[in-house]
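Taking it in order: structure first as structure tokens, then the write-up.
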Amino acid sequence: MELSESSRQEIDRLIATCRTRREAIVQVLEIVQRGQGYVGDEAVSYVANRLGVGRADVEDVLSFYPVYHRRPVGRFVVKVCRSLPCAHMGAARVVDHLSERLGVAVGQTGGDGRFTLLEVECLGACDRAPAMMINDDVFGPLTPERIDAILASLKDG
431 MELSESSRQE IDRLIATCRT RREAIVQVLE IVQRGQGYVG DEAVSYVANR LGVGRADVED
491 VLSFYPVYHR RPVGRFVVKV CRSLPCAHMG AARVVDHLSE RLGVAVGQTG GDGRFTLLEV
551 ECLGACDRAP AMMINDDVFG PLTPERIDAI LASLKDG
């Protein structure tokens, strides 16, 4: 696993400030994902060994929080909310439109590595349903035209 020296030092500093190593799991996973873009099996072993906890403890955190990626993702991670308000307002149509425009199925990353399309349970943007998040930015309410404009701005950038 490749992790920069600055990331390793950040992990060391974090561990020094935690009362127990178990409480550092979430933050260490964030550092690893920031450095690699995802948390692979090798990273799970590294985190478990570094913190002196079991792999199962690390896997539990990874499976509980949907922010972690277990395999490489695209430059732009597109998450479409499928909670009840978004579903009622057309989340399925949003997913279909995005899948067609990006040429990517849900749960997949395009061959060019630019976009990953995911469905998530809730983005906390019920007032903007249907909503999606691209990396750290939330968009909604969405229409096909608005989606196309958002994607065009990303492709230009």
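Be aware that the sequence shown starts at 431, since it is given in my numbering, and climbs by one per residue.
Glycine residues also receive a C-beta, built at the ideal position from the N, C-alpha and C atoms.
Everything numeric in this text was worked out from a predicted model, so none of it was measured.
Residue range of the beta strand (DSSP E) that includes residue i
i	result
residue 567	567 to 569
residue 556	Premise fails: residue 556 is in no beta strand (DSSP E) and is neither H nor E.
residue 448	No beta strand (DSSP E) holds residue 448; DSSP gives it neither H nor E.
Nearest residue (CA-CA) to residue i, options the options
i	options	result
residue 544	508, 470, 578	508
residue 498	548, 519, 481	548
residue 581	468, 482, 546	546
residue 539	443, 573, 468, 441	468
residue 452	482, 563, 552, 438	482
residue 584	572, 567, 573	567
residue 431	462, 454, 439, 450	462
residue 495	574, 530, 521, 553	553
residue 573	441, 521, 436	521
residue 460	571, 444, 557	444
residue 550	564, 458, 448	564
Exposure label - residue i; buried when at least 16 CB within 10 Å
i	result
residue 569	buried
residue 561	buried
residue 559	buried
residue 579	exposed
residue 446	exposed
Range covered by the alpha helix (DSSP H) that runs through residue i
i	result
residue 474	471 to 481
residue 460	455 to 466
*Does the segment 499 to 517 come close enough to the segment 525 to 541 to have 3 or more Cβ pairs within less than 8 Å?*
yes
*Are the segment 514 to 526 and the segment 488 to 500 touching by the rule of at least three beta carbon pairs closer than 8 Å?*
no
_I'd like to know if the segment 514 to 523 and the segment 474 to 486 are in contact, where contact means that at least 3 CB-CB pairs between them fall below 8 Å._
no
_As an exercise, report each continuous alpha helix (DSSP H) stretch of at least 4 residues that is fully enclosed by the segment 483 to 565, in chain order._
485 to 494, 514 to 518, 521 to 532
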